[in-house]
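Here the structure is laid out as structure tokens; the discussion comes afterwards.
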Amino acid sequence: MSKLPADCNIIIGDLVVNPGDEEYFIKLENVIYLFGALSIQNTTLKDMNSLGGLRYIAHFNQSLPVIQIVGNPKFEYLAFYDLENIITNGNRTAIIQDNHKDLFYFEKGKCKIFGDEKSQSKIYRMRLDATGNQCDVLVVLALVLPAVTSSGSSYRLIAAWEIFEARLDLV
């Protein structure tokens, strides 16, 4: 993110915020369109105010969730109140896991990331299956090395995720 211009309003490609990118996060304040997945992982960020202008996400990589907010122990506030549309040809999944324990404090513990939207058409356009241990379902994240392709001997790591639902019914 260090090379990202400060006035971008369109990002083409997955937006991945990793440890060390916190000082550059402010550069995202003008982003309106994201053509890719959003991943904020293992940072010291407290909120996502710099992404408050994000309105549209177009996501076409079926191997990744649309949104992944994982391992941010100081992340106390998560909301996409101005988001208007999510377009995807794959799973409509958001993984929210291992962040600050009070991440959804303002939503009474509910896994709500879009606020209280009244418009049924907007609810339909933005619907995501929120999962992760902060949404009652544990997600196991892993990296997989694929087999050699016919186009050559180069390898690349891809993100693969499996969902394991673990619920305890206490009597």
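Residues in the sequence shown are numbered from 1 upward in steps of one, following the UniProt record's numbering. C-beta: ideal position from N, C-alpha, C; glycine also.
Exercise. Would you say Arg-55 faces chain B, with C-beta separation under 8 Å as the test?
Worked result: The question asks about chain B, but that chain is absent: this structure has only one protein chain.
Problem set entry | Complete beta strand (DSSP E) runs within the UniProt domain "Receptor L-domain" (7–103) (minimum length 3 residues, chain order) | 10–12, 15–17, 33–35, 38–41, 56–59, 67–70, 85–88, 93–97
For this session: For Ser-50, I'd like the list of residues in its chain whose CB is within less than 7 Å of its CB, leaving aside the five on either flank, ordered along the chain.
Result: Phe-25, Ile-26, Leu-28, Glu-29
Problem set entry | Classification of Ala-94 by the beta-carbon crowding that lies within 10 angstroms, buried from 16 upward | buried
Exercise. Asn-18 and Ala-37: beta carbons closer than 8 Å?
Worked result: no
Exercise. Cβ atoms of Leu-103 and Leu-78: under 8 Å apart, would you say?
Worked result: yes
For this session: Using only alpha-carbon positions, find the residue among Thr-88, Lys-101, Ile-96 that is nearest to Ala-130.
Result: Ile-96
For this session: My understanding is that Asp-21 touches Met-48, with C-beta atoms under 8 Å, so please give their C-beta distance in whole angstroms.
Result: Between Met-48 and Asp-21 the Cβ distance is about 13 Å, and since that is not below 8 Å, they are no contact.
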